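Chemist: Starting off with a structure, shown below.
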Amino acid sequence: MEWIVFFETWIWLGFAACGFAILFNVPPRTLWVIFIMGALGGTVKLICLKLGVNIILSSLMGALLIGFLSIRGAHLRHSPPFVFAIPAVIPMVPGAFTYRMMLGIIHLTGENDHAVFLQLLQETVDNGLKAFFVLSALSLGVSAPMLLSRNKSIKETKPNKFLNKLFDSKKASD
Amino acid sequence: MVLSEKEKINELCKILLEVGALLMETGANTFRIRVTVMRIASAFGYHAELLITHRALMLTINNEESDQFFSRLMQTSAHRVNFKIVSGLSRMSWHIIEEKWDLEMVRHEIDRLKSVPHYPRIVTLLMVALAGASFCRIFGGEAIEMLIAFVATFVGLFVRQEVTKREFNPYLCIFLAAFVSAMISGAAVNLHISSNPEYAFATSVLYLIPGIPLINSLLDLLDGNIINGVVRGLNGLIIAFSIALGLLGAILIYNI
Chain A
14 MEWIVFFETW IWLGFAACGF AILFNVPPRT LWVIFIMGAL GGTVKLICLK
64 LGVNIILSSL MGALLIGFLS IRGAHLRHSP PFVFAIPAVI PMVPGAFTYR
114 MMLGIIHLTG ENDHAVFLQL LQETVDNGLK AFFVLSALSL GVSAPMLLSR
164 NKSIKETKPN KFLNKLFDSK KASD
Chain B
4 MVLSEKEKIN ELCKILLEVG ALLMETGANT FRIRVTVMRI ASAFGYHAEL
54 LITHRALMLT INNEESDQFF SRLMQTSAHR VNFKIVSGLS RMSWHIIEEK
104 WDLEMVRHEI DRLKSVPHYP RIVTLLMVAL AGASFCRIFG GEAIEMLIAF
154 VATFVGLFVR QEVTKREFNP YLCIFLAAFV SAMISGAAVN LHISSNPEYA
204 FATSVLYLIP GIPLINSLLD LLDGNIINGV VRGLNGLIIA FSIALGLLGA
254 ILIYNI
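In order, the protein sequences belong to chains A and B.
Counted the way the working numbering counts, the first sequence spans residues 14 to 187.
Counted the way the working numbering counts, the second sequence spans residues 4 to 259.
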């Protein structure tokens with residue numbers, strides 16, 4: 014039963030990534046890669062969350078996976094890596110935290126009671142900080158391969174042997 | 004057509020600036036713009052220096068043999084994300100190096116890329132609405148909430164496209180879209196249609212989140228382009244603020 018739920022989430026994550034990909038007008042040849050990357054990244058984040066890792070680290074893990082996969086995608090589909098990476102991380106953007114932070118700020122402006130104000134302020138700052146750090150973790154994860162390779166362009170780097178082995182089957186199916 | 008040296012530098016300069024400005028408008032980060040422009044310049048045997056800002060680009064190219072300099076400025080027009088152009092320009096820069104394209108071919112390719120059509124409007128609307136419903140599902144919504152999020156996203160994005168077409172202020176466009184979406188999903192909260200209508204309310208404006216400005220902002224900051232990073236980050240924050248204002252309108256009207 015749990016696996017069915019898991020697979021269902023997988024599909025929704027993929028659709029969310031694809032919707033944004035189309036909003037950003039990516040080339041059609043990259044769409045299915047983005048679907049898979051978005052689903053995989055989101056799944057890694059959900060698994061980490063289930064294992065008890067906090068939300069910031071989980072997001073970093075998911076984004077790191079997407080970052081490295083995007084390099085592979087760039088070789089495979091001849092587009093710059095971030096064309097894959099940005100739509101794929103969008104489903105992980107901390108929408109709920111940002112929403113609660115905005116709502117908190119809106120309520121704060123109309124609050125006069127001291128005790129309630131402090132309570133609200135605490136929640137708002139908590140949500141805001143989480144949103145900020147999750148967002149930083151996402152961009153750090155996406156740009157990690159570029160920071161690590163220190164190369165002029167991804168196309169000049171030779172794909173790693175390990176990654177090559179990992180993706181050989183994928184290439185053959187192309 | 005044979006160009007003289009001076010005409011050639013002039014044309015190259017124009018092309019380089021157009022490539023840079025297009026990349027800036029369509030959502031590439033500063034590092035990518037610099038690399039692409041310098042790559043094309045070096046393929047034609049020139050050295051390029053760039054000053055990249057949000058609203059204008061400045062370029063100086065020089066030929067080391069003749070020690071001549073040539074400078075030019077170009078403004079960017081309204082920013083509109085389009086990864087087809089980013090991807091196409093990046094591909095083009097490799098073709099230029101590997102297949103030794105001349106300036107005329109580059110000019111043709113740029114014109115072709117600019118006229119490549121978007122996805123059909125109905126496809127964009129449906130897919131983004133589906134993404135909104137997916138978000139709702141991921142946050143824990145049921146079928147009814149997903150349907151509400153779908154409709155709210157669909158209508159909101161339609162409004163945004165219409166208002167953008169009429170060239171309103173970009174932040175006003177986002178405010179209006181957020182307001183319309185929040186009014187639709189807020190009606191569900193107000194009428195107690197389902198058990199957890201808050202999920203639909205929270206996710207119906209997610210298609211507006213400034214993902215590209217914020218991620219590009221951090222990429223630029225990490226890369227040392229501090230000013231561009233700050234500008235993009237601030238732009239993202241104003242967009243987030245516009246969304247919050249749209250939500251606020253609906254919250255005040257429905258008294259949620």
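C-beta atoms are modelled at their ideal positions from N, C-alpha and C, and glycine is treated no differently.
These numbers were taken from a predicted model, which means no experiment stands behind them.
1) Along the chain, where does the beta strand (DSSP E) containing B:M77 start, and where does it finish?
2) Could you check how far apart the C-beta atoms of B:A181 and B:G236 are, in whole angstroms? I think they sit under 8 Å.
3) Quick one: any contact between the region 65-84 of chain A and the region 161-168 of chain B, if contact means 3 or more CB pairs under 8 Å?
4) Check whether the Cβ of A:G108 lies closer than 9 Å to any Cβ atom in chain B.
5) Against chain B, with Cβ distances strictly below 9 Å, would A:W16 count as a contact?
6) What three-state label does DSSP hand A:L64 in the structure shown?
7) Is there at least one Cβ from chain B nearer than 9 Å to A:T111's Cβ?
8) For A:K58, does the count of other Cβ atoms within 10 angstroms reach 16, so buried, or fall short, so exposed?
9) Taking 9 Å as the CB-CB cut-off, is B:A191 touching chain A?
10) Just to confirm the assignment, what range does the alpha helix (DSSP H) spanning B:R108 have?
11) If A:T28 sits next to B:A134, beta carbons under 8 Å apart, how far is it from one beta carbon to the other, in whole angstroms?
12) Would you mind sorting A:D187 into buried or exposed? The rule is 16 or more other CB atoms within 10 Å of its CB.
13) Helix, strand or coil: how does DSSP classify A:A98 here?
14) Does any CB atom of chain B fall closer than 9 Å to the CB of A:M115?
15) Tell me, which residues are paired with B:T63 by DSSP?
16) B:M211 lies in the alpha helix (DSSP H); which residues open and close that run?
17) Can the beta-carbon of B:F204 be found closer than 9 Å to that of B:S188?
18) Could you pull out every residue in the same chain whose Cβ sits closer than 6 Å to the Cβ of B:I151, ignoring the five residues on either side in sequence?
19) State the Cα-Cα distance for the pair A:F130 and A:M115, rounded to the nearest angstrom.
20) So, at 7 Å on beta carbons, what are the nonlocal neighbours of B:H98 in its own chain, with the 5 sequence-adjacent residues on each side left out?
21) Is the Cβ of A:D187 closer than 9 Å to any Cβ of chain B?
22) In chain B, what lies closer than 7 Å to A:V22 by C-beta?
23) How about B:F86 and A:F37: are their beta carbons less than 9 Å apart?
24) Using a Cβ cut-off of 7 Å, which residues of the region 45-71 of chain A contact any Cβ in chain B, in chain order?
25) Give the residues of chain B in contact with A:P93, contact being defined as C-beta atoms less than 8 Å apart.
26) Beta-carbon within less than 7 Å of A:L34's beta-carbon, same chain only, minus the 5 sequence neighbours each way: which residues are those?
27) Could you please tell me which residues of the region 70-85 of chain B, in chain order, have their CB closer than 7 Å to any CB of chain A?
28) Under 9 Å, do A:A157 and A:A76 count as touching if we go by C-beta distance?
29) Within 8 Å, do at least three Cβ pairs link the region 10-19 of chain B to the region 102-119 of chain B?
30) For a contact defined as C-beta to C-beta under 7 Å, what are the partners of B:Y49 on chain A?
31) List, in order along the chain, the chain A residues whose C-beta lies closer than 8 Å to that of B:T206?
32) Hey, quick one: how far does the alpha helix (DSSP H) through B:E10 stretch, first residue to last?
33) With a threshold of 9 Å between beta carbons, is A:I79 in contact with chain B?
34) Does A:K183 come within less than 9 Å of chain B when only Cβ atoms are used?
35) Any idea what DSSP makes of B:K103, helix, strand or coil?
36) Please say whether B:V119 and B:G91 have beta carbons closer to each other than 9 Å?
Modeler: Let me lay it out:
1) It spans Q71 to Q78 - the beta strand (DSSP E) in which B:M77 sits, taken as one unbroken run.
2) That belief does not hold up - the Cβ atoms of B:A181 and B:G236 are roughly 20 Å apart, past 8 Å.
3) Below 8 Å, too few C-beta pairs join the region 65-84 of chain A and the region 161-168 of chain B to call them touching: fewer than three.
4) Any Cβ of chain B closer than 9 Å to the Cβ of A:G108 would place that residue at the interface, and such an atom is present.
5) With 9 Å as the cut-off, A:W16 does not count as an interface residue toward chain B.
6) Residue state, collapsed to three classes: coil.
7) With a threshold of 9 Å between beta carbons, A:T111 makes contact with chain B.
8) Buried, because 16 or more other Cβ atoms sit within 10 Å of the Cβ of A:K58.
9) For B:A191, the answer is no, since every Cβ of chain A falls outside 9 Å of its Cβ.
10) Going by the sequence as given, residue 108 of chain B is Met instead of Arg. Start and end: L106 to S118.
11) In the sequence as presented, Thr is not what sits at residue 28 of chain A; that position holds Phe. Here A:F28 really is in contact with B:A134; their C-beta atoms are around 6 Å apart, less than 8 Å.
12) Here the model assigns A:D187 a pLDDT of 37, short of 50, so the residue's position is not dependable, and the following value carries that caveat. So A:D187 counts as exposed.
13) Correct three-state label for A:A98: helix.
14) Yes, contact with chain B.
15) Per DSSP, B:E52 and B:S74.
16) Contrary to the premise, residue 211 of chain B reads as Leu rather than Met in this sequence. For B:L211, no alpha helix (DSSP H) encloses it, and the DSSP letter there is neither H nor E.
17) In contact: B:F204 and B:S188 (Cβ atoms closer than 9 Å).
18) So the qualifying residues of the chain are S188, A191 and A203.
19) Using only the alpha carbons, I get a separation of about 15 Å.
20) Closer than 7 Å at Cβ, skipping near neighbours: W104.
21) With a pLDDT of only 37 at A:D187, under 50, the local geometry of the prediction cannot be trusted, and the value read off the model is given with reservation. By this cut-off, A:D187 is not an interface position.
22) Residue identity differs from the one stated: residue 22 of chain A is Thr in this sequence, not Val. Within 7 Å Cβ-Cβ: I141.
23) Contact flag set, yes.
24) For the region 45-71 of chain A, the set of residues with a beta-carbon nearer than 7 Å to any beta-carbon of chain B is empty.
25) Chain-order list of chain B residues neighbouring A:P93: A31, R35, V89, S90 and S93, by C-beta distance under 8 Å.
26) The identity of residue 34 of chain A in the sequence shown is Ala, whereas the question assumes Leu. Setting aside the 5 residues that flank it on each side, A:A34 is surrounded in the same chain by L44, I47 and P100, each with a C-beta closer than 7 Å to its C-beta; the list follows chain order.
27) Under the 7 Å Cβ criterion, the region 70-85 of chain B contributes V84 and N85.
28) Yes, they are a contact pair.
29) Counting Cβ pairs under 8 Å, three or more are found: they touch.
30) Per Cβ cutoff of 7 Å: no residues; B:Y49 is ~17 Å from chain A at best.
31) Think of a sphere of 8 Å around the beta carbon of B:T206: the chain A residues whose beta carbon falls inside it are G108, in chain order.
32) Taken as a continuous stretch (DSSP letters only), the alpha helix (DSSP H) holding B:E10 covers E8 to T29.
33) No, A:I79 lies away from the interface with chain B (no Cβ there is under 9 Å from its Cβ).
34) Note on A:K183: pLDDT 43, under 50, position unreliable in the model; the coordinate value appears next. For A:K183, the answer is no, since every Cβ of chain B falls outside 9 Å of its Cβ.
35) Reduced to three states, the DSSP call for B:K103 is coil.
36) Going by C-beta atoms, B:G91 is nearer than 9 Å to B:V119.
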